[in-house]
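Engineer: I have a structure here, written as structure tokens, and I will follow up with some questions on it.
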């Protein structure tokens, strides 16, 4: 197929500037010996024609393409999008482009994408996914790979995610500081690593404090508002008093808030509420707006991109598992408790 | 910079197969005269080494790169993500990769990305944005450009979006069919084109029917649950009876549903409710689950990608503005009304 008419080429620039193609190349690259007036004439011609130096050709010469693949195994969604934007932010500043691949939970499709990315000579790959649970590695590749959010099962890979345990402890310590001592925990399925780790963090923060888990332990369920509403009723029916609920997600917290309000319990006066995710739509529409744990997903993406760039420069990934800390975002659902404490 | 060690090259394959680099190239491309046993030996060596033919080099030869840029001016979010996935779905089937660019509402950043995409010799560009309102064109480029969701102000461009008017009419006709006649309309800001077009569609569907706008016309506000809750109280205080509310977004509808429930009005028995967006999180967590208008965003992305591919083949974009129809998704918020009618 012929080059599309209309895209200016080196030959067009050379013709307009009245020089050879080799001279255009030298002028654009800032290499070789050229008189400054010749260089300026070439640059003026390139500007007039809207000529863009061919990044592909440069890639072939340099052995790198300034392109990175972002591969998600399970569609880009609420968790992967902020990570992807963080990756893109960090790479864009370094003039590196991002090739997007959506594996859609299909291992064959994923392997197809890995081959595509290799054939396009990407300098490295960022792998992410929908869940925090460890995933099988995408394979031993001749280019650096960094896993973010979803961690690789292999200790030879570099995986970067946030610290669920620390996040769980952060929620409990905030509630303890604001004077709460009987803290219920309503969370997602026990088969999900993130739910388990948050519960461990919460339990360890309670141990040695004057607080306890109301009801004796976590209520495991689903990541949904409907489960939050149901769990609210379970807690109230149990008769075991509680002055706070730490919820494993903002959606769950919103459901708990609805049940509390509709049964005449005030948040935060009677019961303080903390969520997890800092999903703005949920946390801000919650009544009252929700104090929650922010896993800093864009920061996770930027950090992963930084490690990938370093690995591309050095030619090797430092394996390991890096956990970045979560932040506490205080809104009204624990606000009044501050005054009470 | 030298080629990264570990990435197998044509020379590696040639050495293993005991042939020249030119023979490897012929074997991989399926071109030239080669004995079948030679071709098989090369392919076996390539497989053993994990060699991937260099897509960059192929791109330089063919004058196209099988790469398309997806440029959003205002961050990838709830509306642009499904569109982008649709684009990626349609292009991926054609072995075309997607370069992701996030302009972040910054015209300078956007122009930087346009130059980057041109220097990477993408075959075409898909432009999208956060809002339905017309946007300035990204410029006259030597490659095809298709606008999707956000439409271009220029009649020389091809813009593809969904039909807000038809969506508004679809909501009203569903309510009329289920026996509702006094229909309130609560929607977003009047300065947003999408809010205006939905209202026009709703008004035209009511004209000539036995239904009317309760309260005399639309309540304009914000795209938020809080506005939906407030508007619910405004409608109830007005004293003007209504048996249905068509809301300009699912978030608004959810707010209206909360106010109705908390003031003792049953949905759908007393008041039927229709939203707009089919945003699953909102529509399914609404009590009761929300009947809504689905703008089919992934379909929009697939359609735009199809038009872009056609323009890449023919070398020209057919300008125009294409509106794709919305769908009605029926859930419980209008369900009981079906029996009543």
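Residue numbers (my numbering), protein chains in the order written: chain C, 1 to 341; chain E, 1 to 341.
We put the beta carbon where it would ideally sit given N, CA and C, even for glycine.
All figures in this text were calculated on a predicted structure; none of them were measured in a lab.
Name the chain E residues that come within less than 7 Å of residue 41 of chain C, Cβ to Cβ?
Structural biologist: By Cβ distance, chain E contributes nothing, its closest Cβ being about 21 Å from residue 41 of chain C, past 7 Å.
Engineer: Run down chain E in chain order and give the residues with a C-beta less than 7 Å from the C-beta of residue 52 of chain C.
Structural biologist: For a Cβ distance threshold of 7 Å, residue set 115, 118, 119 of chain E lies close to residue 52 of chain C, ordered along the chain.
Engineer: Would you report the Cα separation of residue 184 of chain E and residue 214 of chain E, rounded to the nearest angstrom?
Structural biologist: 5 Å
Engineer: Which residues share a DSSP beta bridge with residue 247 of chain E?
Structural biologist: DSSP output for residue 247 of chain E lists E/186 as bridge partner(s).
Engineer: Hey, quick one: how far does the alpha helix (DSSP H) through residue 354 of chain C stretch, first residue to last?
Structural biologist: There is no way to answer for residue 354 of chain C, as the model of chain C reaches only from 1 to 341.
Engineer: Whole alpha helix (DSSP H) runs in the segment 189-226 of chain E with 4 or more residues, listed along the chain?
Structural biologist: 193-206
Engineer: For residue 107 of chain E, does the count of other Cβ atoms within 10 angstroms reach 16, so buried, or fall short, so exposed?
Structural biologist: Residue 107 of chain E counts as exposed, since fewer than 16 other beta carbons sit within 10 angstroms of its beta carbon.
Engineer: In the DSSP output, which residue or residues are listed as bridge partners for residue 135 of chain E?
Structural biologist: E/152
Engineer: Indicate whether at least one CB of chain C lies closer than 8 Å to the CB of residue 99 of chain E.
Structural biologist: Taking 8 Å as the threshold, the shortest C-beta distance from residue 99 of chain E to chain C falls below it.
Engineer: May I ask which residues mark the beginning and end of the beta strand (DSSP E) holding residue 328 of chain C?
Structural biologist: 327-329
Engineer: For the pair the segment 62-73 of chain E and the segment 104-118 of chain E, tell me if three or more CB-CB distances fall below 8 Å.
Structural biologist: yes
Engineer: Please name the residue or residues paired with residue 159 of chain C in a DSSP beta bridge.
Structural biologist: C/147, C/321
Engineer: Could you please tell me which residues of the segment 229-241 of chain C, in chain order, have their CB closer than 8 Å to any CB of chain E?
Structural biologist: none
Engineer: Are the C-beta of residue 300 of chain C and some C-beta of chain E separated by less than 8 Å?
Structural biologist: no
Engineer: Report the three-state DSSP secondary structure of residue 14 of chain C (helix, strand or coil).
Structural biologist: helix
Engineer: Tell me, to the nearest whole angstrom, how far the beta carbon of residue 27 of chain C is from that of residue 38 of chain C; I am working on the premise that it is less than 8 Å.
Structural biologist: 7 Å
Engineer: Output yes or no for whether 8 Å exceeds the beta carbon distance between residue 118 of chain C and residue 305 of chain C.
Structural biologist: no
Engineer: Sorry if obvious, but does the Cβ on residue 280 of chain C come closer than 7 Å to a heavy atom of the ligand ATP?
Structural biologist: Absence of the ligand ATP from the depicted structure is noted, as is the absence of any ligand whatsoever, leaving it without description.
Engineer: Could you check whether residue 286 of chain C and residue 316 of chain C sit closer than 8 Å to each other, using their CB atoms as the reference points?
Structural biologist: No, these two residues do not count as a Cβ contact at 8 Å.
Engineer: Could you tell me whether the segment 242-254 of chain E touches the segment 272-284 of chain E, using the rule of 3 or more Cβ pairs below 8 Å?
Structural biologist: Under the 8 Å Cβ criterion, the segment 242-254 of chain E counts as touching the segment 272-284 of chain E, having at least three qualifying pairs.
Engineer: Grab the span of the beta strand (DSSP E) containing residue 102 of chain C for me, first residue to last.
Structural biologist: 97-102
Engineer: Consider the Cβ of residue 102 of chain C: report whether some Cβ of chain E lies at a distance smaller than 8 Å.
Structural biologist: yes
Engineer: Which residues bound the alpha helix (DSSP H) around residue 167 of chain C?
Structural biologist: For residue 167 of chain C, the uninterrupted alpha helix (DSSP H) segment begins and ends at 164-177.
Engineer: Counting beta carbon pairs with one atom in the segment 133-147 of chain E and one in the segment 169-179 of chain E, are three or more of them shorter than 8 Å?
Structural biologist: Contact fails: fewer than three Cβ-Cβ distances are below 8 Å.
Engineer: How should residue 153 of chain E be labelled, buried or exposed, when 16 other C-beta atoms within 10 angstroms of its C-beta is the threshold for buried?
Structural biologist: Classified as exposed, residue 153 of chain E has fewer than 16 neighbouring CB atoms from the shown chains inside 10 Å of its CB.
Engineer: Taking the alpha-carbon positions, what's the residue 243 of chain C to residue 263 of chain C distance?
Structural biologist: 15 Å
Engineer: Using 8 Å as the limit for Cβ to Cβ distance, is residue 285 of chain E near chain C?
Structural biologist: Yes, residue 285 of chain E lies at the interface with chain C (some Cβ there is under 8 Å from its Cβ).
Engineer: So, helix, strand or coil for residue 309 of chain C, using DSSP?
Structural biologist: helix
Engineer: For residue 334 of chain E, is the classification buried or exposed, using 16 other Cβ atoms within 10 angstroms of its Cβ as the cut-off for buried?
Structural biologist: buried
Engineer: Nearest to residue 167 of chain C by CA position, among C/18, C/298, C/196, is which residue?
Structural biologist: C/196
Engineer: For residue 252 of chain C and chain E, any beta-carbon pair shorter than 8 Å?
Structural biologist: For residue 252 of chain C, the answer is no, since every Cβ of chain E falls outside 8 Å of its Cβ.
Engineer: Skipping 5 residues on each side, what residues in its chain have a beta carbon closer than 6 Å to that of residue 330 of chain E?
Structural biologist: 291
Engineer: At 9 Å on the CB atoms, spell out the chain C contacts of residue 138 of chain E, in chain order.
Structural biologist: Under the 9 Å cutoff, chain C gives no residues; its nearest Cβ is about 13 Å from residue 138 of chain E.
Engineer: Check whether the segment 197-204 of chain C touches the segment 225-243 of chain C, counting contact only when three or more Cβ pairs, one atom from each stretch, lie closer than 8 Å.
Structural biologist: no
Engineer: Can you tell me which of the three DSSP states residue 267 of chain C falls into?
Structural biologist: coil
Engineer: Shorter than 8 Å from the beta carbon of residue 81 of chain C to some beta carbon of chain E?
Structural biologist: yes
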